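Going by the numbering used here, the residue at position 651 of the sequence shown is 651; the numbering climbs one at a time, nothing skipped.
By construction, the Cβ of each residue, glycine as well, lies at the ideal position given by its N, Cα and C atoms.
Given the structure is predicted, the values throughout are model-derived calculations rather than measurements.
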Amino acid sequence: MSRKKFLILFIVLVGLGSIIKIAESGTLSDSGMGLTNLYNSSVAWGDIDNDGDFDLAMMGWDGTNKYFQIYENGANNGLSLSPQSLTALSHGCVSFGDYDRDGDLDLAITGKDIEGNGTTKIYQNNGNGNFSDTGIEMIDVYDSALAWGDYDNDGDLDLAVIGSGMMGIGKIAKIYENYEKEGVITFKDSEIIDLTPVASGYVAWADYDNDGWLDIAICGDSIGGYVSEIWKNDGDGSFTKTDDLTGVYNSSLAWGDYNNDGWLDIAICGDTIGECVSEIWKNDGGTFSGPQSLDGVYNSSLAWGDYDNDGDLDLVVTGLTSGPEPGPSSKIYRNKGDGTFEDSGILDLTPVDLGSVAWCDYDGDKDIDLALTGDSGSGAVTKIYMSDGFPENNLPKPPESSSLKAEYNSADGELTISWSSGSDTETDPATGLYYNFRIGSEPGKDDLVAARYGSPLLGNFISKSTTTVHTRTFTLYAKGYYWSVQVIDTGLGCSWSQEGEGSGWSGEDQYHDDTPPPAPETPTDEGEYTYNTTIRFSWTQNNSDPQTAIYNYRLQVESQEDGKIKFDGSVGDVKSYNVSGCEYNKTYKARVKAQSGGGYGDWSADWSNGIMVVRLLDISYNLIHPRKGEEATIKYFIISSAKVNLKIYNLMGELVRSLVDNQYKAVDDYVETWSGENEKGSTVASGIYLVHIEVEGESATEKICVVK
């Protein structure tokens, strides 16, 4: 319900004071769901099975046992425990994100396992809401936190991790880069060493200076003391610290534009030296002023969300208060709309510390609900609070499809997308809206920039701007681009941009590069000869425009002796390829051409020089009768100058005859004969004998049967 309609209803129904009082003083009521009570915990919302509603992941400790649980949102918005088993953790963090860009939410988790060891894992969604451990190696930490974010603008989600490592590691602050290795998506340490290592804190991404690059905020306990720091992404793989806020540990932080001016502000809470704080810092165009102080807490958690649907972000804060009568606290601070906050007076929340909070409209009734976990002082607590009595949130209107524009710089491989502002009944001005986007290589897909995230406003996909035209630039490599924009309001309501004609997906624009790529350089062989029947051909691509748009190569391999094509096919976006099943005594050569959105370019100027497959050891006649004057012909081929040993052994492994004893041989084919005599010149007994050759790095063995 819009505010205007609500005001009319108030005037008409002024006599129904009790009803109007409910609408004016709405509340959050306990849903009564029997979820596992946890503290030292973390919770996150995300639609894991793509059925249109939000499911819940949570981890923590009940005082006796540790858990990691997923509750699926089912009939009548009830949450039912999924039977799948994941690593039980506490003292850490859980976060959703589609790291492999396959259209479903994956999980990153970190914390302390049942044996007290630090753990960091990534679970891949199998496509049905079930998760499998990827086995991706990262530093195991506890008292930890993590956050997804595409820090290098290449379209995939990277992962920031803070926490305490095990013995000899200490505190860390690392960014793990998402990359593809031999066709498998994995992560590697970015080796960015700028960030201050911390534990017992938090980490969150956001483009606080609106320059198109995700920056990062961290807080916690460092070697040098408690910190709260803002690090600017310089766009070249490095970060520069720009702001020091009040240093806190046992702490939390969250980004959100509370005054709707298009600049992301930040809230922090935690323990300082001697007291605890809860603070809101205002972003004044890329620098921070303040703070505005709330009731201080530590062992804390906080989250932004417009619980009363009045168009601006409110803040929920939980934690342990200090002072003469310390105790757990859970408060919602209402944004008054003038840049200040007041206690909402909602007393229904169970006071907790050592917990976690997350907003989400999990029941789809157009107001946000709250997941809360923690220690109430008398035990662990997990609650789902349902919003009741507040006006409904009107979904924001997405940008007009006609405003969606794209430009591709093929020389740098950069795609820049732009769109106009959306609009919203409650969120005013429109600079208070947030934007999500997806980019795919085909209509309706998001395999280049994933649109699948968990709870909104986590800092991993927010695009803010103070202007009416919004832009983002990504370094992408594909044949073409199909993309769309989603607008999100302060009440976490969202809408995709308008339906695109024939696209099958809302608000889709597209861009194609129609210029064929230049020819690659002539492929190279592994040498003139090889013993291996699998040959690896490699090539490089000319650097001229538009090589960065290449997404496939076609490789052709031919036998030089008979002109037959051994291999002809697409090999993907790779610069080398193994062709197996090649035949001995044949020479193979290759050529290659590249494919982009403009189709195939020319073949490489020449075929490769050619590489011949040869046998190291070849016996042309392996059954001999010495008394008949028969002898075995032993051929061997040396493909690289080396020392050679060619010897004959019996089946007991005893040396019978040395034909070549550590002699240096040049590249050539050689022939030796054996008439069945041993080192003393006597004819050996009938039986099976082994001919064994050793060349530096290679060896081979063949059999000869001797019959007297």
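G290 is the residue among N50, G290, G286 whose C-alpha sits nearest the C-alpha of A267.
Counting along the chain, N578 sits inside the beta strand (DSSP E) bounded by residues 576-579. Residue environment for P83: exposed (fewer than 16 other C-beta atoms within 10 angstroms of its C-beta). Taking the Cα positions, L320 is about 21 Å away from T64. The C-alpha of G374 lies about 29 Å from the C-alpha of D104. Look at N259 here: in three-state DSSP terms it is coil, with no helix or strand label. DSSP places G687 in the uninterrupted beta strand (DSSP E) bounded by 687-695. For T431, the three-state secondary structure derived from DSSP is helix. In terms of Cα proximity to I619, the closest of K628, A519, I634, T540 is I634.
Proximity to N542 across V592, S580, K566, S559 peaks at V592, based on C-alpha coordinates.
Counting the other CB atoms within 10 Å of its CB gives I223 a total below 16, which places it among the exposed residues. Distance from the CA atom of M167 to the CA atom of A199, rounded to whole angstroms, is 14 Å. Listed in chain order, the non-local C-beta contacts of S538 below 7 Å within the same chain comprise P523, T524, K575, S576, local neighbours out to five positions each way being set aside. DSSP lists no beta-bridge partner residue for Y307. Residue state for S387 is assigned as strand, using DSSP reduced to three classes. Counting along the chain, the unbroken beta strand (DSSP E) around I268 starts and ends at 265-271. Remark: C-beta atoms of L81 and E72 approach each other more closely than 9 Å. Rounded to the nearest whole angstrom, the CA to CA distance from T340 to Y553 is 59 Å. Less than 9 Å divides the Cβ of G432 from the Cβ of D261. DSSP places P399 in no beta strand (DSSP E); its state is neither H nor E. Linking H692 to I175 through their CA atoms gives a straight-line distance of about 52 Å.
For C219, the enclosing beta strand (DSSP E) covers residues 215-222. According to the DSSP assignment, S344 belongs to no beta strand (DSSP E), since it is labelled neither H nor E. Non-local beta-carbon contacts of C705 in its own chain, meaning distances under 7 Å to residues more than five positions away in sequence, involve N622, L623, I688 in chain order. With a cutoff of 9 Å on beta-carbon distance, D310 and E426 are scored as near each other. When N233, Q292, C276, S421 are compared, the shortest CA-CA separation from P324 is found for C276. Distance check between T416 and each of G212, N130, S641, S402 places G212 closest, using alpha-carbon atoms only. Scanning the stretch 181-209 for uninterrupted beta strand (DSSP E) segments of 3 residues or longer gives 184-189, 199-206, listed from N- to C-terminal end. Beta-bridge partners of L370 (DSSP): W359, Y385.
With fewer than 16 neighbouring CB atoms inside 10 Å of its own CB, D30 falls in the exposed class. In this chain, the beta strand (DSSP E) harbouring D106 covers 106-112.
Between D424 and V487, the C-beta gap is smaller than 9 Å, which places the two residues in contact. Beta-bridge partners of A519 (DSSP): none assigned. Listed in chain order, the beta strand (DSSP E) runs fully inside the stretch 563-650 are 565-572, 576-579, 586-596, 611-613, 617-619, 632-638, 642-650, counting runs of at least 3 residues. Put simply, the backbone Cα of F288 is about 13 Å away from that of K241. Looking from the CA of D388, the closest CA among S402, D369, P399, Y636 belongs to D369.
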